[in-house]
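J.: Numbering (full-length UniProt numbering), first residue to last: 1 to 301.
Glycine is no exception: its CB is placed at the ideal position from the N, C-alpha and C atoms.
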Amino acid sequence: MKKVKAAIIGSGNIGTDLMYKLQRSDDLELTAMFGIDMKSEGLRRANSAGYRVFTNGIDDFIDRPDLADIVFDATSAKAHLRHAQLLKDMGKTVIDLTPAAIGPFVCPPVNFSEHIESQNINMITCGGQATIPIIHAVNSVADVSYGEIVATISSSSAGPGTRENIDEFTLTTRRGIEEVGGAERGKAIIILNPADPPILMRSTIYCEVKEIDEDKIRKAICEMENSVKSYVPGYRVKSDPLFDGNRVTVFVEVEGAGDYFPRYAGNLDIMTSAARQAGEMVAKRLIGKSNMNKAVTANDA
């Protein structure tokens, strides 16, 4: 089966976990990981797995553009501001796992088809990937006037990148609640829980709606839960939605796959899982266009 070449920029925790997920892809062929320190765990693992590794970040990729058509940026919001323009000039499709919010916000089961041609695809945030699908589902049948999410994650799963980007997390997630989820107004809160043993990622989703039809809302939530579970098996709605007047509350839990992160780090796992899903959807489009061009060429001959 034909695959599309892909590379990862960023050899931290996110990039390393993503590497293991891309290894299982039927549509993406991971070729290389670009970092800045050969002593990093990510680059050591990538090297052991037989991938090309580089230690000068994106500058090394500029010298080897043939290594990938799809690039996953797993660095930071600040770094992606530079990377985005360079990769755009190179004509590469970028799946952005940082909160930089340069490209359109994408949640695979919600709005990917609208942005499949985009050159820069932003994966919002972990809280966004866990909660925006539910808000979108409720909005599709009940018209959400206000959506609020509280994402609670283990302190142990919040690395330097997460802690440095807290402000970006809240702002980007709020925008995603509104622009992708469909809420007229949104709010996002993140809580780092120091409990030991570490807790799984848990999110509370609160919606104020204009139209209450409990059966329709339950059905929409169930269908969306199944859609997310197709690429994040550890994703689950914990209980029946709570209804109170025009308010709907939903509780979601995310358990990781345990590829590189511990299973409690569902907040990180859902980001890499969503990024893989987005990358595979882009790859299918590129493969389809390639096959179509070959068919046209053959017919012309």
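Check whether the Cβ atoms of ASN120 and ALA77 lie closer than 8 Å to each other.
T.: In this structure, ALA77 does not lie closer than 8 Å to ASN120 by Cβ.
J.: By Cβ distance, which residues of its chain are closer than 8 Å to ILE221, with the 5 residues on each side in sequence left out?
T.: Hits under 8 Å: ILE134, ALA137, VAL138, VAL237, PRO241, VAL250.
J.: Just the C-alpha distance for PHE72 and ILE8, rounded to the nearest angstrom, thanks.
T.: Rounded to the nearest angstrom, the two C-alpha atoms are 5 Å apart.
J.: Go ahead and label LYS39 buried or exposed: buried means 16 or more other beta carbons lie within 10 angstroms of its beta carbon, across all protein chains shown.
T.: Answer is exposed; the Cβ neighbour count stays below 16.
J.: Looking at ILE132 and ILE124, is the spacing between their C-beta atoms short of 8 Å?
T.: Cβ atoms of ILE124 and ILE132: closer than 8 Å.
J.: If you run the structure through DSSP and keep just helix, strand and coil, what is VAL106?
T.: Note: VAL106 maps to coil in three-state DSSP.
J.: What is the C-beta distance between ILE149 and THR75, in whole angstroms, given that I count them as a contact (C-beta under 8 Å)?
T.: Contact flag wrong, Cβ pair sits at about 25 Å.
J.: Keeping to the same chain, check which residues put their C-beta closer than 8 Å to that of ARG218; ignore five residues upstream and five downstream.
T.: Here the set comprises ASP240, PRO241.
J.: Going residue by residue through the segment 137-195, where are the continuous alpha helix (DSSP H) segments of at least 4 residues, counting only ones entirely within it?
T.: Segments of the alpha helix (DSSP H) lying fully in the segment 137-195: 160-164, 166-179.
J.: Report buried or exposed for PRO160, applying the criterion of at least 16 other Cβ atoms within 10 angstroms of its Cβ.
T.: So PRO160 counts as exposed.
J.: Restricting to Cα atoms, I'd like to know which of ILE199, LEU22, ASN13 is closest to GLY279.
T.: Comparing Cα-Cα distances from GLY279 to each of ILE199, LEU22, ASN13, the minimum goes to LEU22.
J.: With the cut-off set at 8 Å, would you say VAL209 and ALA130 are in Cβ contact?
T.: Contact: no.
J.: What residue does the beta strand (DSSP E) around THR31 start on, and which one ends it?
T.: Looking at the DSSP string, the run of the beta strand (DSSP E) that includes THR31 is 28-34.
J.: Contact defined as beta carbons within less than 8 Å: I believe THR172 pairs with PRO99. What is the distance between those atoms, to the nearest angstrom?
T.: Confirmed, Cβ separation roughly 4 Å.
J.: So for THR204, helix, strand or coil by DSSP?
T.: THR204: strand per DSSP, three-state reduction.
J.: Could you work out which residue in GLU211, SER154, PRO104 is closest to GLU178 when comparing CA atoms only?
T.: Minimum Cα distance to GLU178 is reached at PRO104.
J.: Less than 6 Å between C-beta atoms, sequence neighbours within five positions excluded: which residues of the same chain meet that for ALA265?
T.: Excluding residues within five positions, the ones whose Cβ falls inside 6 Å are SER157, GLY256.
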